[in-house]
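Per the working numbering, the very first residue in the sequence shown carries number 231; after that it's consecutive.
All residues carry an ideal CB built from backbone N, CA and C; glycine is no exception.
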Amino acid sequence: MSRTLEQPAPPSPQVLAAYRYCEAVTEGQARNFAYGIRLLPTARRQAMSALYAFSRRVDDIGDGPLEPAVKRTRLEETRALLDRVRAGDVPDDATDPVAVALADAARRFPIPLGGLDELIDGVLMDVRGRTYETWEELKEYCRCVAGAIGRLSLGVFGTLPGARDAERAPHYADTLGLALQLTNILRDVREDAAEGRTYLPRADLAAFGCAGGLHQDVPPPGADFAGLVRFEVRRARALFAEGLKLLPLLDRRSAACVSAMAGIYHRLLTRIARDPHAVLRGRVSLPAREKAWVALRGLSGLDARRAARRTLPETSR
């Protein structure tokens, strides 16, 4: 997926305005995502903002107060809009800035737009109230709502020419998305339960005596809630270890972006592992100063360069 495409002409004033709208959405609503994409060059930052704004629209439909039947209709309308983007049927002067920006981004980068169909499919799982018996079933959901985002992002980043294992980049991007989503699920376990959603596999809940639910500040009597959380943390860490093999396949700025986002979530995971019951008391988060520090560390490229020495062919070093 190394980029050899000629870049189109500079964006028109209408497209630039659409990108500014998407960047404002990203800055205003992306708690962790924005820290990474600030590190990208302008064109890639704009494209990632368009992807975020479209994804945010899909998520907002799923999380909103509408009745399930209305949500399903809205989601299919959004899919129809995506079909128009895919067909090149969104002019620069269209009235929907997210569609305009996404259409321009898709012209500039080899973005696999089918990943946004997967996102819609994943949100439809939420609307239908699906639960998950096993990790394999939950992994299907995580691939739709997060792994797909990793693969979409890779379409913007591209891979370094000559990088060993470049054909594995989509797998690594997908796996990193799974790691981020499982971290989200652990962080939001009580909030989701209060809304009637249970994401953790029922088999895992039963194994640790938590099948009775996680709606309270304290777990059910006799439950090993800390054991459950640490079990899922180990799973997430294994996914991070595999997914971060993506870093040496990317250029410095793209690797910095990925490293920043992954670093924030990995630190969040560490905080959860240190005090598993904290997720029952409220949302666990990192202070803005720490997130900014992680982003700055990603920009240094030290981790990516160390990994690159192990991944690039000898002639590329």
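If we count the other Cβ atoms within 10 Å of its Cβ and call it buried at 16 or more, is residue i buried or exposed?
{"i": "H507", "result": "exposed"}
{"i": "R381", "result": "buried"}
{"i": "E485", "result": "The amino acid at residue 485 is misidentified as Glu; the sequence shows Ala. With 16 or more other Cβ atoms within 10 Å, it is buried."}
{"i": "R274", "result": "buried"}
{"i": "E397", "result": "exposed"}
{"i": "V300", "result": "exposed"}
{"i": "Y249", "result": "buried"}
{"i": "V320", "result": "buried"}
{"i": "T413", "result": "buried"}
{"i": "P298", "result": "exposed"}
{"i": "E363", "result": "exposed"}
{"i": "V357", "result": "buried"}
{"i": "A264", "result": "buried"}
{"i": "A260", "result": "buried"}
Apart from the five residues just before and just after residue i, which ones in its own chain have a Cβ nearer than 7 Å to its Cβ?
{"i": "L474", "result": "L406 and A492"}
{"i": "C483", "result": "The sequence shown places Arg at residue 483, not Cys. These residues qualify, in order along the chain: L269, L270 and P271."}
{"i": "S242", "result": "D322"}
Tell me which same chain residues have a C-beta within less than 8 Å of the C-beta of residue i, skipping the five on either side of it?
{"i": "V288", "result": "L305, T308, L346, L349, I350 and V353"}
{"i": "M355", "result": "Y371 and C374"}
{"i": "V315", "result": "A329, L332, A333, A336 and L343"}
Give the C-beta separation of residue i and residue j to the nearest angstrom, bearing in mind that I take them to be a contact with Cβ-Cβ under 8 Å.
{"i": "R467", "j": "L510", "result": "Not a contact, Cβ separation roughly 21 Å."}
{"i": "V330", "j": "A283", "result": "That pair is no contact at about 11 Å."}
{"i": "R516", "j": "I502", "result": "Just to set this straight, residue 516 is Leu in the shown sequence, not Arg. About 11 Å separates the two Cβ atoms, so there is no contact after all."}
{"i": "I267", "j": "S285", "result": "At roughly 13 Å, the Cβ-Cβ gap does not stay under 8 Å, so I267 and S285 are not in contact."}
{"i": "Y402", "j": "E472", "result": "7 Å"}
{"i": "P478", "j": "A399", "result": "About 10 Å separates the two Cβ atoms, so there is no contact after all."}
Near residue i, what residues of its chain come up, given a Cβ to Cβ distance below 6 Å and the 5 sequence neighbours on each side ignored?
{"i": "A428", "result": "Checking the sequence shown, residue 428 turns out to be Thr, not Ala. The answer, listed in chain order, is T361."}
{"i": "R337", "result": "P238"}
{"i": "Q276", "result": "Y249"}
{"i": "L480", "result": "F387"}
{"i": "V187", "result": "The requested residue 187 is not part of the displayed model; the chain covers only 231 to 547."}
{"i": "L458", "result": "F438 and C440"}
{"i": "D434", "result": "none"}
*the region 521-528 contacting the region 434-441, beta-carbon criterion three pairs below 8 Å*: Touching, no, given that fewer than three Cβ pairs across the two stretches are closer than 8 Å.
*Are there three or more Cβ pairs, one per stretch, closer than 8 Å when the region 399-415 is compared with the region 368-378?*
The region 399-415 vs the region 368-378: in contact.
*On the three-pair Cβ rule with 8 Å, is the region 355-368 touching the region 384-391?*
These segments do not touch.
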